[in-house]
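Numbering-wise (the working numbering), the sequence shown opens with residue 7 and increments by one.
Data block below; observations after.
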Amino acid sequence: IEAKKQEYARIEAEQRTRQQGLLAALENHEVVLERKVNERGHLYGSVSASDIARSLRDAGFGERHNIEIEAGDINLHGKIDHVGSFTADIRFTHELMQELKVTVNPDEESRAAMEEYRREQKSREQHAVKAEAAEAAQA
């Protein structure tokens, strides 16, 4: 039984060392995701912990440190449902945690729709300002 306890403690210590290495590697890493959004920058759906974990695995972080990064290791600080920058945590234990920066960008098609919407909004605002100026001049 004592030998099993020592083996378990050794395996646990190795796992903790790998986790610490992964967290150190993620210290300055930014997860960048590209998603389809409407003209106002709102996602069709939202970014989940699974999406972030998959992005980290795809970037090779889990493989390099021999750790399986799961959605349960990711804690979102709020709903990620629009274009912008957010934070999330990757946490293995109470002591082993690293904050992640998550940036969501629109895909190419969505970017074009957003730009068109902004141009239309700007044109409407300019038209409204001109109309107000004309009304003021008549008064």
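A virtual CB, placed ideally from N, CA and C, is assigned to each residue, including glycine.
Nothing here was measured: the structure is a model prediction, and the numbers come from that model.
Put arginine 41 into one of helix, strand or coil per three-state DSSP. Position 35 of the sequence shown, counting from 1, holds the residue named residue 41. Three-state result, arginine 41: strand.
Return helix, strand or coil for glutamate 76, following the three-state DSSP convention. Position 70 of the sequence shown, counted from the first residue, corresponds to residue 76. It is coil, neither helix nor strand.
Which whole-angstrom value describes the C-beta separation of alanine 94 and isoleucine 80, a residue pair presumed to lie in contact below a C-beta threshold of 8 Å? By 1-based counting over the sequence shown, the position of residue 94 is 88. By 1-based counting over the sequence shown, the position of residue 80 is 74. Contact holds; Cβ gap of about 6 Å.
Quick one: what's asparagine 81 bridged to in DSSP? Here residue 81 refers to the residue found at position 75 when the sequence shown is read from its first residue. Asparagine 81 pairs with Asp95.
Taking the alpha-carbon positions, what's the arginine 124 to glutamate 131 distance? For the purposes of this step, residue 124 is identified with residue 118 of the sequence shown, where counting begins at 1. For the purposes of this step, residue 131 is identified with residue 125 of the sequence shown, where counting begins at 1. Their backbone Cα atoms lie some 10 Å apart in a straight line.
Own chain, CB closer than 7 Å to arginine 97, minus 5 neighbours either side, in chain order: As a working note, residue 97 is residue 91 in the sequence shown. Closer than 7 Å at Cβ, skipping near neighbours: Asp79, Asn81, Met103.
With a threshold of 6 Å on Cβ separation, who are the neighbours of arginine 63 within its own chain once the five nearest residues in sequence on each side are excluded? Here residue 63 refers to the residue found at position 57 of the sequence shown. So the list reads Ile75, once near-sequence residues are dropped.
Three-state secondary structure assigned by DSSP to serine 52: The residue you call residue 52 lines up with position 46 of the sequence shown. Correct three-state label for serine 52: strand.
Is the number of C-beta pairs between the segment 35 to 51 and the segment 10 to 18 that are closer than 8 Å three or more? no
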